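The structure appears right after this line, and notes come after that.
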Amino acid sequence: LVFTLRECLKPQTSYIFYCQSCGDIIVKDRKFLRVLPLPSENWSALVEEWCCHPNPFARSTLHPQHHDCYLGDTFFLLNSGNESRKSKENTRVSCKRCKTMLGETVSSDAIKYYITEVIIQPSEGSFSPTPRSQFVQSMVAQCLVELSSSKSTFRFTIKGDDGRVYILIWLLNSDTLLVESLGSSSSHSVFTLFGDAFMPTSGPVETWNAVKVLYQPCIKNRNKDLADAWESDIGVHSLKFPSETCLELLLILGLSTTSLPPSLRYMNSFQVRNSCY
Numbered sequence: 001l002v003f004t005l006r007e008c009l010k011p012q013t014s015y016i017f018y019c020q021s022c023g024d025i026i027v028k029d030r031k032f033l034r035v036l037p038l039p040s041e042n043w044s045a046l047v048e049e050w051c052c053h054p055n056p057f058a059r060s061t062l063h064p065q066h067h068d069c070y071l072g073d074t075f076f077l078l079n080s081g082n083e084s085r086k087s088k089e090n091t092r093v094s095c096k097r098c099k100t101m102l103g104e105t106v107s108s109d110a111i112k113y114y115i116t117e118v119i120i121q122p123s124e125g126s127f128s129p130t131p132r133s134q135f136v137q138s139m140v141a142q143c144l145v146e147l148s149s150s151k152s153t154f155r156f157t158i159k160g161d162d163g164r165v166y167i168l169i170w171l172l173n174s175d176t177l178l179v180e181s182l183g184s185s186s187s188h189s190v191f192t193l194f195g196d197a198f199m200p201t202s203g204p205v206e207t208w209n210a211v212k213v214l215y216q217p218c219i220k221n222r223n224k225d226l227a228d229a230w231e232s233d234i235g236v237h238s239l240k241f242p243s244e245t246c247l248e249l250l251l252i253l254g255l256s257t258t259s260l261p262p263s264l265r266y267m268n269s270f271q272v273r274n275s276c277y
């Protein structure tokens, strides 16, 4: 995540990258000399509007060197280095232990890892697991907050690596604060699909930053006309994740919606959801 990694990933510091699902080490003791944000995924198409001559970047690509880390909206791009599989472009990269998809190869020497699939820790630290559902919703929520602030974008399509649209998300606000007293979380029993609770329960009172979103599922051709309209709208930003994670996110959203009173579950045909981050 650009917003988070800009704060936690620092040059001249050694990091270990873990599979979020099982904790297996993916990249060990990698020290970056440069940590740089990537332009938007559509930057190349916009060059023609900026230049009065043929696109000078038409045949060039942004590939990190061994000590570079490039940050995208939903991924970070690393030189494959010793982890190189010499694979073809767009080949899925999976965890060797649990086989979860972590990212995909961009070229024979560059790998894209999705922010929802890895945990990054300094080399001198130790791996601390985070419940899967809590991690996914936190990463996605922070991504929405960052993009709404930097690009004034409030509508998003959630796409899988298969190119299909899974969810339409409309960000209502990002300054919600949720407060819960210990013992009052009767709804926690609802959030057991992935074997964990969404929010911590230690202490007499807990507070969380949260975003409020409206969403529409788009699987099995649901809301196809609306999805097509959003895809052609320049005011809508597309976010890409592994297809399996898109389905996880949709289930997380649905479980949260069912925990709300019936009168608060819908707004203008969209379903309502609060996501903590």
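For the sequence shown, the UniProt record's numbering gives the first residue as 1, with consecutive numbering after it.
Yeah, the Cβ is synthetic: ideal placement off N, Cα and C, and Gly gets one too.
Being a predicted model, the structure only gives us computed values, none of them experimental.
Which of the three DSSP states is assigned to Lys10 in this structure?
DSSP places Lys10 in coil when its eight states are reduced to three.
By the three-class DSSP mapping on this structure, what secondary structure does Phe127 have?
coil
Cα-Cα separation, Ile115 to Phe75:
5 Å
Tell me the rounded alpha-carbon separation between Ser243 and Glu104.
Straight-line spacing of the CA atoms in Ser243 and Glu104 works out to 12 Å.
Determine the direct distance from the alpha carbon of Ser128 to that of Phe154, and round the result to whole angstroms.
Phe154 and Ser128: Cα-Cα distance of roughly 32 Å.
Ile135 and Leu239 closer than 7 Å at C-beta:
One point to set straight first is that residue 135 is Phe, not Ile, in the sequence displayed. No, Cβ-Cβ distance for Phe135 and Leu239 is not below 7 Å.
Can you tell me which residues form a DSSP beta bridge with Gln216?
In DSSP, Gln216 forms a bridge with Leu168.
Closest residue to Ser80 among Leu168, Asn268, Asp109 (Cα-Cα distance)
Asp109
What do you get for Tyr70, buried or exposed, if any count of 16 or more other CB atoms within 10 angstroms of its CB means buried?
buried
Determine the DSSP secondary structure at Leu250, reduced to helix, strand or coil.
helix
Would you tell me roughly how many angstroms separate the C-alpha atoms of Pro11 and Val35, rounded to the nearest one?
6 Å
Inspect the beta-carbon positions of Ile16 and Gln121 and report whether they are closer than 7 Å.
yes
If you follow the alpha helix (DSSP H) that Glu231 is part of, which residue opens it and which one closes it?
Glu231 -> alpha helix (DSSP H) spans 224-231.
Within its chain, find whatever has a CB closer than 6 Å to the CB of Cys30; leave out the 5 residues flanking it on each side and keep chain order.
According to the sequence provided, residue 30 is Arg. The question's Cys does not apply to it. Correct list, in chain order: Tyr15.
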